[in-house]
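Trainee:
In this note's numbering, the protein residues as written are 529 to 595.
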């Protein structure tokens, strides 16, 4: 079976995601407990220490992290 063709953008995305070394997840079943604040502070602190950081809010019902 032939390999499916992927677009250049998809290839670049897969390549970038493959470089992720660590993932930190901040979660709670309850809203309003400070998950976004804690996540933001962790990201800021790690970035200030020289790490490359990405932050994604996956709360589909009400994300609080602006673009």
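Glycine residues also receive a C-beta, built at the ideal position from the N, C-alpha and C atoms.
Hey, how far is the Cα of residue 545 from the Cα of residue 537?
Mentor: Locating residue 545 in the chain shown gives position 17, counting from the first residue. Locating residue 537 in the chain shown gives position 9, counting from the first residue. Roughly 12 Å separates the two Cα atoms.
Trainee: Can you tell me where the alpha helix (DSSP H) holding residue 569 begins and where it ends?
Mentor: Reading the chain shown from its first residue, position 41 is the one you call residue 569. First-last of the alpha helix (DSSP H) with residue 569: 563 to 576.
Trainee: Rank 565, 568, 549, 560 by C-alpha distance to the C-alpha of residue 589 and give the top, closest one.
Mentor: For this step, residue 589 is matched to residue 61 along the chain shown. Nearest of 565, 568, 549, 560 to residue 589, Cα basis: 560.
Trainee: For residue 571, which residues from the same chain have a beta carbon less than 7 Å from its beta carbon, with the 5 sequence-adjacent residues on both sides left out?
Mentor: What you label residue 571 is simply residue 43 of the chain shown in a count that begins at 1. Hits under 7 Å: 581, 583.
Trainee: Please return the same chain residues whose Cβ sits closer than 8 Å to the Cβ of residue 594, not counting the five positions on each side in sequence.
Mentor: In the chain shown, counting from the first residue as 1, residue 594 sits at position 66. Excluding residues within five positions, none has a Cβ falling inside 8 Å.
Trainee: Rounded to whole angstroms, what's the CA-CA distance from residue 539 to residue 568? Just pull it up for me.
Mentor: Reading the chain shown from its first residue, position 11 is the one you call residue 539. Reading the chain shown from its first residue, position 40 is the one you call residue 568. Looking at the two C-alpha atoms, the distance is approximately 29 Å.
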